[in-house]
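Below: the structure, in structure tokens.
Number of protein chains: 2
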Amino acid sequence: MKIENTQVQMRKGILEYCILHIISRGEVYASDMLEELTSAKIMVVEGTLYPLLTRLRKAGLVDYQWVESTSGPPRKYYKLTEAGQEFLAQLKTTWEELVASTNHITTNHNGTVQPVAESQKSKES
Amino acid sequence: MKIENTQVQMRKGILEYCILHIISRGEVYASDMLEELTSAKIMVVEGTLYPLLTRLRKAGLVDYQWVESTSGPPRKYYKLTEAGQEFLAQLKTTWEELVASTNHITTNHNGTVQPVAESQKSKES
DNA sequence: ACCAGATACCTTGTATAACAAAGTACTATA
DNA sequence: TATAGTACTTTGTTATACAAGGTATCTGGT
């Protein structure tokens, strides 16, 4: 079990939340998102972002329009749909509850368990 | 894309962190953990917890001993190994950074993007 | 006109992990 | 010796992050 795997797991879901948030603040294209996520120290790569954006679009949470660039190929500028805004609001609740729950557990909300008495121990198998 | 999926994703990784934390506070067996996680509103089921505990043990992060119960079959009481304690410390850092990064993005750390001018828009494809 | 480099987006294959559901095993009680 | 309750295990399914490689468009130099 590598620490990297767990870190990846932790990012999952949060990524979706962060991306919806970034899109909610104004129209952006993929490189904008990558830049913002990277500067916030949330690692993402293209191979993760593009399929995620496709999933969000297929689910009707985001929509995009092609916009020509003055310095390269056209870009897909994304924005939230109405359904996306509702979804984001739900995610916000989920996230906040999850952080609260985690804090509850990790801030030594202690006192439930006692060490097992030697006399009760059975043989190791 | 169902909200449940994203909620599941969000729990991933966090779960591992919470379980290691619970184990770090004293010897517990699976039902203890389920109870604590449930009361903290973090949903888990047996089919998730047991394989996770097996993974943690194979990775040398936790260890257990069989302890006879006065009211049923014997139980596996888990505790952290030294490697598990180090791992937990690393996870703590990862988690805190992730919360900070997410807050950074979601507390409208705004101002990067402008709406796209109508004149720049290309035709929808 | 052509080519190199930069930019933007897409696809395929692999590995991991949560979950549902069904199964095994042990204990106490009637 | 059934029955119920507790504890632990396993199998199959599904979702998704990521690495790596691919396609398409535009600009600037020659």
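From first to last, the protein sequence lines stand for chains L and P. The first sequence begins at 1 in the numbering used here and counts up by one. The second sequence begins at 126 in the numbering used here and counts up by one. Glycine is no exception: its CB is placed at the ideal position from the N, C-alpha and C atoms. These numbers were taken from a predicted model, which means no experiment stands behind them.
| field | Where Arg200 of chain P falls: helix, strand or coil (DSSP) | value | Annotated three-state conformation of Arg200 of chain P is strand, per DSSP.
| query | I think Leu34 of chain L touches Gly84 of chain L, with their Cβ atoms under 8 Å apart; what is that distance to the nearest whole Å? | reply | About 19 Å separates the two Cβ atoms, so there is no contact after all.
| task | Taking Thr6 of chain L as the query, report the chain P residues whose CB atoms sit under 7 Å from its CB, ordered along the chain. | result | Gly138, Glu141, Leu216
| Quick one: does Met158 of chain P have its CB under 8 Å from some CB of chain L? | no
| query | Straight-line CA distance for Glu82 of chain L to Ala184 of chain P? | reply | 45 Å
| So, helix, strand or coil for Leu177 of chain P, using DSSP? | helix
| Does DSSP put Val153 of chain P in a helix, in a strand, or in coil? | strand
| message | If the cut-off is 7 Å on Cβ atoms, which residues from the segment 219-232 of chain P count as contacting chain L, listed in chain order? | response | Thr219, Trp220, Glu222, Leu223, Val224, Ser226, Thr227, His229, Ile230, Thr231
| said: With distance defined between alpha-carbon atoms, name the residue in P:Ile148, P:Val153, P:Gly138, P:Thr131 nearest to Pro199 of chain P. | reply: P:Val153
| message | Only counting the same chain, and skipping five residues up and downstream in sequence, which positions put a Cβ closer than 8 Å to that of Cys143 of chain P? | response | Leu162, Ala165, Ile167.
| task | Pull out every residue of the segment 35-49 of chain L whose Cβ sits closer than 8 Å to any Cβ of chain P, in chain order. | result | Glu36, Leu37, Ala40, Lys41, Ile42
| request: Give a yes or no on whether the minimum CB-CB distance between Ser247 of chain P and chain L is below 8 Å. | output: Only weak support exists for where Ser247 of chain P lies, its pLDDT of 47 falling under 50; the value from the coordinates is given anyway. The Cβ of Ser247 of chain P sits closer than 8 Å to at least one Cβ of chain L.
| said: Three or more C-beta pairs under 8 Å: does that hold for the segment 4-13 of chain L against the segment 215-229 of chain P? | reply: yes
| Distance, Cα to Cα, Glu96 of chain L vs Arg25 of chain L? | 19 Å
| query | Any residues in the segment 61-94 of chain L with a beta carbon nearer than 8 Å to a beta carbon of chain P? Which ones, in chain order? | reply | Within the segment 61-94 of chain L, the residues whose Cβ lies closer than 8 Å to some Cβ of chain P are Leu61, Gln65, Trp66, Val67, Glu68, Pro74, Tyr77, Phe87, Gln90, Leu91, Lys92, Thr94, listed in chain order.
| message | Using the three-state DSSP reduction, which class does Ser194 of chain P fall into: helix, strand or coil? | response | strand
| request: Might you give, ordered along the chain, the residues of its own chain that have their beta carbon closer than 7 Å to the beta carbon of Tyr202 of chain P, omitting 5 neighbours on each side? | output: Glu152, Val153, Tyr154, Tyr189, Gln190, Val192
| query | Looking at C-alpha atoms only, which residue of L:Thr48, L:Glu46, L:Thr102, L:Leu53 is the closest neighbour of Ile23 of chain L? | reply | The option with the nearest alpha carbon to Ile23 of chain L is L:Leu53.
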